[in-house]
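Residue numbering for the sequence shown follows the numbering used here, beginning at 46 and increasing consecutively.
We put the CB at the ideal spot given by N, CA and C, even for glycine.
A quick note: this is a predicted structure, and the numbers were derived from the prediction, not measured.
Here the structure is laid out as structure tokens; the discussion comes afterwards.
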Amino acid sequence: MVRLIRLFTTTIILSAGILTGCASVKMASQSEDAKAKTFATNPQQANVYVYRNEFIGAALSMAIELDGKEIGKTGPKSYFLLGLEPGHHTLVSKAENDSLLNLITEAGKNYYVWQEVKMGLLLARSKLQLMSEAEGQAGVRESKLLEVNGASPVASVPVTKSEVATKPVEKTISQPAPDSVVVAKQAEPIPAATVNASLPSPAPVASNNITKIERVPFEIGVSSVTVERIAKQNSCQSTKGAGLLYKKGPVEVYRVQCEDGREIKARCEMRQCEIFTP
46 MVRLIRLFTT
56 TIILSAGILT
66 GCASVKMASQ
76 SEDAKAKTFA
86 TNPQQANVYV
96 YRNEFIGAAL
106 SMAIELDGKE
116 IGKTGPKSYF
126 LLGLEPGHHT
136 LVSKAENDSL
146 LNLITEAGKN
156 YYVWQEVKMG
166 LLLARSKLQL
176 MSEAEGQAGV
186 RESKLLEVNG
196 ASPVASVPVT
206 KSEVATKPVE
216 KTISQPAPDS
226 VVVAKQAEPI
236 PAATVNASLP
246 SPAPVASNNI
256 TKIERVPFEI
266 GVSSVTVERI
276 AKQNSCQSTK
286 GAGLLYKKGP
296 VEVYRVQCED
306 GREIKARCEM
316 RQCEIFTP
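This is how it looks when you write it as structure tokens:
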């Protein structure tokens with residue numbers, strides 16, 4: 046009983062702090078904020094606005110990862126502006142849970158991703174959602190621009206093909222993994238053409254700003270059977286079953302291709318699975 050009372054008291058204290066406090070994040074200048082809110086496009090890259098326009102969970106800063114690299118943390122009423130090369134990118138919001146969003150971007154277009162904040166057990170949870178231009182611009186206008194890890198607010202964070210081509214590699218590599226580049230200290234640069242030839246072809250480009258999942262080899266995960274059972278409960282018959290799409294720590298994302306053309310995705314954590322819509 047004493048432990049339950051302590052747990053209940055701790056939950057109340059944390060929840061009060063989340064609702065009333067204010068997270069410390071790195072803000073950009075007013076001039077950069079004003080420039081970002083013109084929503085001007087770049088013919089050579091895509092602009093991705095990641096915004097959090099709510100006060101719920103104000104005491105908690107939430108990290109954003111882009112293609113496996115943290116770009117910074119959001120606070121209430123704040124946003125990032127990212128200039129990205131066209132192609133496939135993965136955004137992850139880190140809170141009590143991990144929320145994953147896959148994007149396929151086109152040059153010369155703006156994309157708006159809402160980091161929705163929800164109450165969790167002890168901390169706030171979050172969910173990344175791709176929004177329409179009208180909804181996205183409205184959310185950005187009521188927020189303030191953040192720095193990207195101390196760099197320029199508009200920055201292409203992920204390593205691109207051209208950047209990989211300039212990195213040194215070992216002269217002799219024994220049995221490298223497929224489609225990989227091994228980095229070492231004693232090295233020499235390799236031609237860009239060689240690296241580009243070894244990289245996989247980009248996924249087809251989205252034609253109407255919708256979220257797409259990159260095609261990946263079918264892989265069985267520890268929760269595949271559970272996800273297949275959930276799919277059958279939703280009238281989804283599949284001859285292939287549930288394939289593992291993404292895994293990071295205890296979080297796994299699965300995909301089931303139904304015979305009737307539908308596609309079901311499920312998120313599993315500690316083998317507890319539920320259907321979600323990215």
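Secondary structure at THR271, three-state DSSP: helix, strand or coil?
THR271: helix per DSSP, three-state reduction.
Can you list, in chain order, the residues of its chain whose CB lies under 6 angstroms from that of SER144, leaving out five sequence neighbours each side?
So the qualifying residues of the chain are SER138, SER171, LYS172 and LEU173.
How should ILE265 be labelled, buried or exposed, when 16 other C-beta atoms within 10 angstroms of its C-beta is the threshold for buried?
That one is exposed.
According to DSSP, simplified to helix, strand and coil, what is VAL70?
Of the three classes helix, strand and coil, the one that applies to VAL70 here is coil, per DSSP.
Since VAL93 contacts TYR156 with CB under 8 angstroms, what's their CB separation in whole angstroms?
That belief holds up - the Cβ atoms of VAL93 and TYR156 are roughly 5 angstroms apart, short of 8 angstroms.
Using beta-carbon positions only, say whether SER269 and TYR291 come within less than 8 angstroms of one another.
Cβ distance not < 8 angstroms, so SER269 and TYR291 don't count as in contact.
Would you report the Cα separation of GLU151 and GLY132, rounded to the nearest angstrom?
Approximately 7 angstroms between the Cα atoms of the pair.
Kindly provide the ranges of any beta strand (DSSP E) runs that are 3 or more residues long and lie completely inside the stretch 93-166, ordered along the chain.
With a minimum length of 3 residues, the continuous beta strand (DSSP E) runs that stay inside the stretch 93-166 are 107-111, 114-119, 123-129, 132-139, 143-150 and 155-164.
Could you tell me the boundaries of the beta strand (DSSP E) in which LYS292 lies?
Counting along the chain, the beta strand (DSSP E) containing LYS292 begins and ends at 287-293.
On the criterion of 16 or more Cβ atoms from any shown chain inside 10 Å, does LYS114 qualify as buried, or is it exposed?
When all chains shown are included, LYS114 counts as exposed.
Between LYS118, MET107, ARG274 and PHE84, which has its C-alpha nearest GLY194's C-alpha?
In the sequence as displayed, the identity of residue 194 is Asn instead of Gly. Of the candidates LYS118, MET107, ARG274 and PHE84, the one whose C-alpha sits nearest the C-alpha of ASN194 is LYS118.
Which residues in the same chain have their Cβ closer than 6 angstroms to the Cβ of ARG316, if we skip the five residues on either side of it in sequence?
Excluding sequence neighbours, ARG316 sits near SER268.
Exposed or buried, what is PHE321 when buried is set at 16 or more other beta-carbons lying within 10 Å of its beta-carbon?
Answer is exposed; the Cβ neighbour count stays below 16.
For LYS310, list the residues DSSP reports as bridge partners.
Answer is ARG300, bridged to LYS310.
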